[in-house]
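Trainee: Have a look at this one.
Numbering (my numbering), first residue to last: 2 to 991.
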């Protein structure tokens, strides 16, 4: 039989009645069944023949029993066939043809019955099925046998129709290579082996060279017995997480063991083998748990050694699987010299609602020896108690459209990251960013919006830290009430154009703030009334926009601001300190307000330049457009420094030249929202915004032309105060934005000083130490429009494979080549010619998903059959620069401040020279010291089933290193080797 063959075996049916219609030779014996008339003679003959058959076949049966003795040790003996006796319950209770209870003939007679299966057995193949007279079936060519939820696949299968026993084994191809290994599936369980013998009735089997995946690892064994309860007893087995299970890089040798699939493995004596070398690391027994869902369990600690804190056990504890929505891990660390720490980590998530992470740590660090020293002698003993809290919370956008809650907390004492075990090596409780971060910020906010209302309210808690001097600034709470812009005079049912008063709009913003600036060790000792600052501010802007002469927009506005404070500080001049000193603090309710009015006019002008046709052909420039947006505004503010407002106090003192000096100060200057400004103001503000674009002829665009931004924005701003007599002109503010590429935009800002200076104070040598501004404009003194006071910019860029190709002009060529070749990319994953493609097509498809005989990955190939190799890399840098006046350095001749330049440069990079090697680094450069101030380097090597990592800090005060080789699998993560140092050890490398 050729081609795909299918068949099935149905369980035999038991006869329940006797055929009467066609046999007239039956006689009736009481109420029993009808028997043939000559039944007595036939019965005697049959008994004689049966006795003779038994006498002659006994020696043969004994010989066969001895030959099959080994098989009975492997599989239980097939039980004798049940005697199918015709009993009364095989008939209907209403049937009058019942069996007589005392019928001796019927009680002594029986009919043989097959040991039936509970369901049909179906089998098929792609080659052939051979049936023999002995009720044996031989299946060749990807045979499949199915029974209930059991399925057996193999290249060759032998099946006994009577005993329900099947035997499967692999096949051999033309070059003698094995393929088509047996695969046994029962429910979710799957095993592969070289040979397999299985009994469908008893559900027991004997397997040789089995391999199965359990959890993250693989189990192999030379001899295995599969029991009826799916338990597998194995001898000479191996457990490994290396997917080269046929020849793993490492494994745990199991002398004998029991597998409960997807539950656990319990073994006898085991020992570790690495690269076929047995190691003297053995255990009398082992237990490997498996779980498809997360469970509570013990977290094994890691070992460490430091000269300052001693030997340690770190990150050990217990994991609590609280529910499907939240978990908790409690871990700790302990050192032999007295240091210790505790940590709690939790993650929570509820789909379509919220998610977040929480991490809290507390550590006590003891260094040095606590000994009694003579007075005046300082020892090296130190005790530090630190804690850290990290919390992130994100609300799903679909959870509530009117209420949002978010949290981003990163709070730690200033010495926590310095004292953490691995704070400078990019792992563990700290990392490079935390260790080098001078400032930390935390924020928790909630916002409530009201439907069909312009009002919303939000509350925020902010904490800002500075690790350099342990300063901390806390704002709790920070409440804001906002009313969006409304048009109070707008008609509900408007007809025709809007009237002028309908364009008037207003909004409201209110702030309630309670804050303190102090040190970390004083925050809990502060007084809410005396140390905390409490304030509230109200802002109400009113504005409108009108169009005049079609092209000019007129926008009048009025702004009212009110501040509520709870304290003021009275000051007097201290001649000894030569400055104001606080004398008294008064607590109460103080109301400060200010207001201002302004009106502005703006328009937009366009200038266009279209070159002549000959010039367009030569320069490729088709059109140049200049957009010019001038704006002028007039603003007025009264003098809130007047005594009638009471916001400022006047004081007198004798200056260094012996003259009396009169000045003002505000008792409310220490509060959060400041004070209204002094001096009357009536300013005219000028601003100019420019944009310059060019359109060129380009064949790369489908439209035949391309737009280029020459100057994305050039803005100039200046003001003139008509209400004062001196220093009426403000500084000139300039901003420039250039789009140098699609991914990079350069931003420059600058402030130009418009007034000249004169000599101020001098030292004992007559050297000028300070300068005073003169009421003489620079353009009147012949020194130009202005002198640059300050400017700054910052930019960052990343170089990688793609950017380098674009710079060299290869990117567009490769894209065009890919488009031309069309489906060339489809062949990128196919092996080149000559790589045994015939065998791959023969049984390569069946090898997919198999453990035995699976095709090993050899890489990606191009359409020409060459191996595709690439070295991904990237180099990123970030640079910021600021140029400004250096008030400590004065040009004595020109009476000008000299410039000071501050730089900041950080860079990082990574490269993958091969598939398994990875290198990366982070560094910062100190321009003042002219050297790299800090650097951390990381090297990792994928050793297939192992992972090697090395991290080190080669420069700076925190030189240290860490080295680790560990199993990649999380199940065996404690099978590792660690070696590290700490910056406290003062290790000298060179």
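The C-beta atom is built at its ideal place from N, Cα and C for all residues, glycine as well. Quick caveat: nothing in here was measured; it's all calculated off a predicted structure.
Around the Cβ of residue 494, are there at least 16 other Cβ atoms within 10 angstroms (buried) or fewer (exposed)?
Mentor: exposed
Trainee: Report back the beta-carbon spacing between residue 195 and residue 207 to the nearest angstrom; my notes put them in contact at under 8 Å.
Mentor: Taking a contact as a CB-CB distance under 8 Å, the pair residue 195 and residue 207 does not count as one, their CB atoms being some 12 Å apart.
Trainee: Indicate the three-state DSSP secondary structure (helix, strand or coil) for residue 605 in the structure shown.
Mentor: coil
Trainee: Is the beta carbon of residue 157 less than 7 Å from the beta carbon of residue 143?
Mentor: no
Trainee: Mind checking whether residue 225 and residue 211 have CB atoms under 7 Å apart?
Mentor: yes
Trainee: So, do the segment 264-275 and the segment 285-293 have three or more beta carbon pairs nearer to each other than 8 Å?
Mentor: yes
Trainee: Would you kindly check if the distance between the Cβ of residue 714 and the Cβ of residue 738 is under 7 Å?
Mentor: yes
Trainee: Please state whether DSSP places residue 975 in a helix, a strand or coil.
Mentor: coil
Trainee: Unbroken beta strand (DSSP E) runs of length 3 or more, entirely within the segment 108-174: which are they?
Mentor: 122-126, 129-132, 137-148, 151-161, 166-170
Trainee: For residue 184, which residues from the same chain have a beta carbon less than 6 Å from its beta carbon, with the 5 sequence-adjacent residues on both sides left out?
Mentor: So the qualifying residues of the chain are 154, 193.
Trainee: Looking only at its own chain, which residues have a Cβ that is under 7 Å from the Cβ of residue 60, when we skip the five neighbours before and after it?
Mentor: Per-residue confidence for residue 60 stands at a pLDDT of 40, beneath the threshold of 50, marking its modelled position as unreliable; the derived number appears in the next sentence. Within the same chain, residue 60 has no close Cβ partners at all.
Trainee: Could you compute how far the alpha carbon of residue 809 sits from the alpha carbon of residue 871?
Mentor: When rounded, the distance between both Cα atoms is 17 Å.
Trainee: Grouping DSSP H, G and I as helix and E and B as strand, with all else coil, what is residue 184?
Mentor: strand
Trainee: Among 794, 778, 864, which has the Cα closest to the Cα of residue 788?
Mentor: The shortest C-alpha separation from residue 788 is found at 778.
Trainee: Do you know offhand how far residue 271's Cα is from residue 443's?
Mentor: 51 Å
Trainee: I need the DSSP call for residue 96, collapsed to helix, strand or coil.
Mentor: In this prediction, residue 96 scores a pLDDT of 37, lower than 50, which makes its location untrustworthy; the coordinate-derived value is nonetheless stated afterwards. DSSP places residue 96 in coil when its eight states are reduced to three.
Trainee: On the CB-based measure, 16 or more other CB atoms within 10 Å of its CB, does residue 890 come out buried or exposed?
Mentor: exposed
Trainee: Could you tell me which residues DSSP pairs with residue 938 in its beta bridges?
Mentor: Residue 938 pairs with 922, 953.
Trainee: Cutting at 7 Å between CB atoms, please list the residues of its own chain near residue 588, excluding the five before and the five after it.
Mentor: 530, 567, 568
Trainee: Can you give the Cα-Cα distance for residue 641 and residue 764, rounded to whole angstroms?
Mentor: Residue 641 and residue 764: Cα-Cα distance of roughly 37 Å.
Trainee: DSSP puts residue 290 in a beta bridge; with which residues?
Mentor: 265
Trainee: Counting along the chain, where does the beta strand (DSSP E) carrying residue 692 start and finish?
Mentor: 682-698
Trainee: For residue 233 versus residue 227, is the C-beta distance shorter than 7 Å?
Mentor: yes
Trainee: Give the DSSP bridge partners of residue 733, in chain order.
Mentor: 753
Trainee: Hey, residue 624 and residue 740: beta-carbon distance below 7 Å or not?
Mentor: Their beta carbons are not under 7 Å apart, which means residue 624 does not touch residue 740 by this criterion.
Trainee: Please list, in chain order, all residues of the same chain as residue 583 whose beta carbon is under 8 Å from its beta carbon, the five residues on each side excluded.
Mentor: 570, 571, 572
Trainee: Write down the C-beta distance between residue 967 and residue 974 rounded to the nearest angstrom, noting that I regard them as a contact closer than 8 Å.
Mentor: With a contact defined as Cβ atoms closer than 8 Å, residue 967 and residue 974 qualify at about 6 Å.
Trainee: Looking at the unbroken alpha helix (DSSP H) that takes in residue 728, where does it start and where does it end?
Mentor: First-last for residue 728: undefined, no H or E at that position.
Trainee: Measure the C-alpha to C-alpha separation of residue 1002 and residue 445 and round it to an integer number of angstroms.
Mentor: Lying before the first or after the last residue shown, residue 1002 is absent from the chain, which here runs from 2 to 991.
Trainee: Can you name the start and end residues of the alpha helix (DSSP H) that residue 996 belongs to?
Mentor: The requested residue 996 is not part of the displayed model; the chain covers only 2 to 991.
Trainee: Going by CA-CA distance only, name the one from 229, 413, 274 that's closest to residue 262.
Mentor: 229
Trainee: I need the straight-line Cα distance from residue 515 to residue 480, nearest angstrom please.
Mentor: 9 Å
Trainee: Can you tell me the Cβ-Cβ gap for residue 718 and residue 692, rounded? I've got them flagged as a contact below 8 Å.
Mentor: Not quite, the Cβ-Cβ distance comes to about 16 Å (not below 8 Å), so this is no contact.
Trainee: Tell me where the beta strand (DSSP E) around residue 803 begins and ends.
Mentor: Unbroken run through residue 803 is the alpha helix (DSSP H), 802-809; no beta strand (DSSP E).
Trainee: Taking 8 Å as the cut-off, does the segment 945-955 touch the segment 899-907 (at least 3 CB pairs, one atom from each stretch)?
Mentor: no
Trainee: Counting beta carbon pairs with one atom in the segment 594-605 and one in the segment 557-565, are three or more of them shorter than 8 Å?
Mentor: yes
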